[in-house]
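Below: one structure, written as structure tokens.
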Amino acid sequence: LAEERPTPMKRIGIADEFGQSGNPDELLKIYHLTAEDIAEAARKILIKIRR
Numbered sequence: 403l404a405e406e407r408p409t410p411m412k413r414i415g416i417a418d419e420f421g422q423s424g425n426p427d428e429l430l431k432i433y434h435l436t437a438e439d440i441a442e443a444a445r446k447i448l449i450k451i452r453r
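Residues in the sequence shown are numbered consecutively from 403, following my numbering.
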């Protein structure tokens, strides 16, 4: 995608740290990977590129 069209991107994921184990829903919250967290990251990118 970036080779053909410049596209703003934001990497999301687990930081460079040891992971935890546990309930999947709780882990998503801990690592900020819930649907809401991902949507918020997308909103921030859109706000940034519209400036």
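In this text, a Cβ means the ideal position worked out from N, Cα and C, and glycines have one as well.
Given the structure is predicted, the values throughout are model-derived calculations rather than measurements.
Are the beta-carbon atoms of I414 and A437 separated by less than 8 Å? no
Tell me whether R413 sits in a helix, a strand or coil according to DSSP, three-state version. coil
Quick check on the DSSP output: the alpha helix (DSSP H) that includes R452 runs from which residue to which? Where R452 is concerned, the enclosing alpha helix (DSSP H) stretches over A437 to R452.
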